[in-house]
Amino acid sequence: MPQPPAATPRQDHPHGAVLPAQGALSGELLDAMGQVSLHGQSQRGAEEELGVGVALLGEQGHPTANLLEHETMAEAKQQAGSWVPLLAKQCHTDTQLFLCSLFAPVCLDRPVYPCRSLCEVVRDSCAPVMESYGFPWPEMLQCGKFPSDHELCIAVQFGNSKATPPPVSKICTQCEMEHKADGMMEQMCSSDFVVKMRIKEMTEENGERRLVAAQKKKVLKLGPLKRKDTKKMVLHMRNAGACPCPQLDSLSGSFLVMGRKVGGRLLLLAIYPWQKHNKEMKFAVKFMFSYPCPLYHPLLYGAGQH
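Oh and the sequence shown: position 227 is 227 in UniProt numbering, straight run, nothing missing.
Encoded structure:
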């Protein structure tokens, strides 16, 4: 099991590397914080609608610490930006609310944490998506540390109290494709290795797919791969046993694959049919090393725009 992407509130991403600028604390992340419902606001336990100020600046213009103990706007923006790709996956309708409640907390006379149930439904829906990319649910977001629903806390708002089951027809996370060169190059930045290869065989076991590469392949980005990794390359697609992947309906032809090396295993993060006449793909491959990669990797990159 790989190390969490952020085991402590101020820990940098283990690969040390940065999503392009996400805007003021990522507008996508903050737009959800218009109104939230609080449990435990009164002795009656009734929910009360509360307008929420999302600014992290105090009256004197000094940054105030949020619930993840980020003490500067820059620190909060950096960490918030790394979570934005998860929103594109739409793993739960309250993901945005949960993250906003941590990065831009409700402005009351004391901190208002997300309810444990809110954390649990988001975790149960989104942890499998994160795991597909080799990231466990972070220690800093363990749900047991948040208050129970009868206390003052931010409750489930837009979803229900259960994890959102992925639609049966939803394409595997690894099989969502970018169609512009910039999107492909961002995926390449976030990947340890990039390879052009043929697939010898594909098997399914224990909820994951296993792709065995043919002997002949072209390594476009070596990263941490060793000779043994490239000689007998086996790629694993986590949580991809029951979801469709149109690219793999036929194993004929070559594929452009991207992945990460986690715990000695090669995880497939993205796969494209190799199209030599695809100008966007040709551009991405040719200029991937000159692309201004971010300084830190996001928790996971997303094929959020198609």
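Beta carbons: idealized from backbone N, C-alpha and C, even for Gly.
- Shown here, A270 sits in a strand according to DSSP, grouped into three states.
- By DSSP's assignment, M202 forms a beta bridge with L211.
- Of the candidates A284, N239, S191, V212, V212 places its Cα closest to the Cα of E201.
- Restricting attention to alpha helix (DSSP H) runs no shorter than 4 residues, the region 110 to 171 encloses them at 116 to 132, ordered along the chain.
- S101 counts as buried, since at least 16 other C-beta atoms from the protein chains shown sit within 10 angstroms of its C-beta.
- Here K231 carries a helix assignment [DSSP, helix/strand/coil].
- Put simply, of R110, C115, P128 the residue whose alpha carbon is nearest the alpha carbon of Q90 is P128.
- G183 carries a helical assignment under DSSP once its states are collapsed to helix, strand and coil.
- Taking 8 angstroms as the cut-off, the Cβ atoms of R116 and S148 count as close.
- Nearest neighbour of A284 by Cα position, chosen from T93, S250, V195, L87, turns out to be V195.
- In the DSSP assignment, M258 falls within the beta strand (DSSP E) that extends over 254 to 262.
- In this model, S254 and C245 are separated by some 15 angstroms (Cα to Cα).
- Here K218 has V195, K196, M197 as same chain residues with Cβ atoms under 8 angstroms from its own Cβ, once five neighbours each way along the sequence are excluded.
- The residue from A270, D192, L86 with its alpha-carbon nearest to that of A240 is A270.
- Close CB contacts of C126 within its chain, under the 7 angstroms cut and outside five residues either way in sequence, are with L86, C91, H92, T95 (chain order).
- With a contact defined as Cβ atoms closer than 8 angstroms, H236 and E208 qualify at about 6 angstroms.
- A direct Cα-Cα distance of roughly 7 angstroms separates W137 from M130.
- DSSP lists V219, V257 as the bridge partner or partners of V195.
- The Cβ-Cβ distance between K261 and L220 does not fall below 8 angstroms.
- Beta-bridge pairing by DSSP links H236 to R210, L267.
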